[in-house]
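First the structure, in the form of structure tokens, and then the observations on it.
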Amino acid sequence: MWQLAVCVFCFFLFFFNWAVGLTIRAHTMAWEGTLPFFLSFFMFFFMLSSPCDCHPHRTLPMGSVAVARAVSNDTARKASDIATEIADYADVAKRIIDLAVFGAAQNRSYRRLADFTDTIGNRVSGSENLNMAIKYMYNAMTQDGLDVHLEPVKIPHWVRGKESAVMIVPRVKNLAILGLGSSVGTPPEGIEAEVLVVQSFEELKHRASEATGKIVVFNQPFVSYGETVAYRAYGASEAAKVGAVATLIRSITPFSINSPHTGWQDYQDGVKRIPTACITVEDAELMWRLSKRGQKIMIRVTMAAKTFPDADSFNTVAEIKGWQHPEQVVLLSGHLDSWDVGQGAMDDGGGAMISWEVLSLIKDLGLRPRRTLRTVLWTAEEQGGVGAQQYYNLHKVNISNFDLVMESDLGTFRPEALQFTGSDAARKVMEEVVKLLAPINMTKLETHGEGTDISPWMQAGVPGASLYVADSRYFWFHHSEGDTMSVQDPQDMNLCSALWAVVSFVVADLQDMLPR
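In my numbering, the protein residues as written are 19 to 534.
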């Protein structure tokens, strides 16, 4: 307001001096009269060219070419400034790494995982063990000094029950099986039928006339999890379409020691629901060899599987509020549920623990980012990301405030890179961020961030990131009794925690959000 007052004052002073100047010049005192005239004019012009606080967002008009040039220069400046800004986090990154890998927090995530899985065990959707796990983590993170709350969701409740399978022709042999999630059960006396062994959906179509009244055994080779898992997911419905009475699916794994691997399967609408279970690689190949010799195979399968109404559950949320933009969020996550075999240590207890560990590391170092760091431990991921989808539905109204979503669900083995999905501009930022991981030699940025639980956010345009680890052994133990603490390594978990913490903290603390 003071500039406006001065402007008005100078305006009147200008005209006053002009009138006085005319009078003085009439008495031959031109110089003295002209001097105050020009001084007043100069003051008036100066004040007009100064910004006025009463309109802080208004600027003098500029030509479109000048505006475009200014924007271009500003963009180039920002790219350079962002790189410099990120490089300035080198000391902070080193402090995080030192604490996680060499300092007082060394092996902490591993110890937490061991205590959790040894205390609770496996945690299938809808089970009392999952309820206990959620209470355990709520209490543990609260005691850690974090801001923790639970968000209610509805989740599937399927119970395996007693199950068995035995080959009775051409010889008696017990078969190791694990019923697949959502499968119906058999009659109490079981199903006894001849076997048709096929190696692909295409072969099943060609031999459809042979399938009626039989148990179809799929002996598909393992190509990759993404490709081969279709047999587990859709095998039962495809076999039912051609008249099969049950299916046994070769486990989705590249390696086996006579260990069946379970997982979720999906019945197709309008197709009869038949019992389905996975069998071991060894037994699938045995029956394939027998069938190629023309030998008749008979199997009896008994399954007491049952689906109950959806159960109440919770996503578990802990966070450190941002000091400048608490409404903006960098989200870290892993899922708390598991299958009902093994301990669920690898899938996905490790991912849940390192996502908690990030908050502990940041708190221990007395750091606080501009934006909120939020850890979400999902429920019912194994049933298709059920808890995460409900979280997305609830929070998508604030999608513009989600800066980065991160998920660890491919094991916490030795990390090799960060996988990232986002715009080219965001990728350039992340390329600078991962350079801060040079002390642990993990500066690669790979394409395609992945994770069932964060996929809705990424599909909506939010940048996403996931851990890329040395996972060659992951599917050896995946969804089997072999998923225990024995597959975990404390040093690997230290490195995963360090990577997870550096990336999430720096992104949360940058001046600007990642560009969409």
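No residue lacks a Cβ here, since even glycine has one placed at the ideal position from N, Cα and C. In this text, all values refer to a predicted model and were calculated from it rather than measured experimentally.
With 16 or more other Cβ atoms inside 10 Å of its own Cβ, residue 496 counts as buried.
C-alpha of residue 228 to C-alpha of residue 214: approximately 7 Å in a straight line. In the DSSP annotation of this structure, the continuous segment of the beta strand (DSSP E) that includes residue 183 starts and ends at 181 to 187. Rounded to the nearest angstrom, the gap between the Cα atoms of residue 328 and residue 117 is 42 Å. For residue 464, the three-state secondary structure derived from DSSP is strand. Counting C-beta pairs closer than 8 Å gives fewer than three between the region 399 to 406 and the region 318 to 326, which falls short of the contact rule. Apart from the 5 residues on each side of it in sequence, residue 202 sits with its Cβ closer than 6 Å to the Cβ of 291 and 293 in its chain, given in chain order. Around the C-beta of residue 183, 16 or more other C-beta atoms lie within 10 Å, and the residue is accordingly described as buried. Look at residue 529 here: in three-state DSSP terms it is coil, with no helix or strand label.
Residues of the same chain with a CB within less than 7 Å of the CB of residue 141, apart from the 5 flanking positions on each side, are 147, 148, 151, 354, 355, 356 and 362 in chain order. Judged by DSSP in its simplified three-state form, residue 385 adopts coil rather than helix or strand. Residue 128 is a Cβ neighbour of residue 508, given a cutoff of 7 Å. Residue pairing by DSSP places residue 175 opposite 326 in a beta bridge. Distance from the CA atom of residue 237 to the CA atom of residue 360, rounded to whole angstroms, is 24 Å. Excluding sequence positions up to five before and after residue 212, its CB lies within less than 6 Å of the CB of 232 and 316, all in the same chain and listed in chain order. By the Cβ rule, the region 172 to 180 does not count as touching the region 335 to 352, because fewer than three pairs are nearer than 8 Å. In the displayed model, residue 336 falls within a strand according to three-state DSSP.
The three-state secondary structure of residue 341, taken from DSSP, is coil.
Fully enclosed beta strand (DSSP E) runs of no fewer than 3 residues occupy 463 to 465 of the region 434 to 479, in order along the chain. Here residue 421 carries a strand assignment [DSSP, helix/strand/coil]. In this chain, the beta strand (DSSP E) harbouring residue 268 covers 264 to 268.
In the structure shown, residue 228 falls within a helical segment according to DSSP collapsed to helix, strand and coil. Taking 7 Å as the cut-off, the Cβ atoms of residue 378 and residue 165 do not count as close. Considered as a whole, the region 268 to 301 harbours no complete run of any alpha helix (DSSP H) with no fewer than 4 residues. Shown here for residue 218: same chain residues with a beta carbon closer than 7 Å to its own, the five before and five after excluded, namely 238 in chain order. As computed with DSSP, residue 392 is found in a beta bridge with 337 and 349. Sixteen is the threshold: since fewer than 16 other Cβ atoms of the shown chains lie within 10 Å of the Cβ of residue 170, the residue is exposed.
Between residue 364 and residue 501 a beta carbon distance of about 5 Å is seen, short of the 8 Å cut, so the two are scored as contacting. Contact annotation: the region 431 to 449 does not touch the region 378 to 388, with fewer than three C-beta pairs closer than 8 Å. Our two residues, residue 300 and residue 210, have alpha carbons roughly 21 Å apart in a direct line. DSSP, read as helix, strand or coil, puts residue 486 in strand. Between the alpha carbons of residue 137 and residue 145 lies a gap of roughly 15 Å. Taking C-beta atoms as the reference points, residue 436 and residue 334 fail to come closer than 7 Å. Taking 7 Å as the cut-off, the Cβ atoms of residue 104 and residue 451 count as close. Assigned with DSSP and collapsed to three states, residue 400 falls in coil, not helix or strand. The Cβ-Cβ distance between residue 337 and residue 392 falls below 7 Å.
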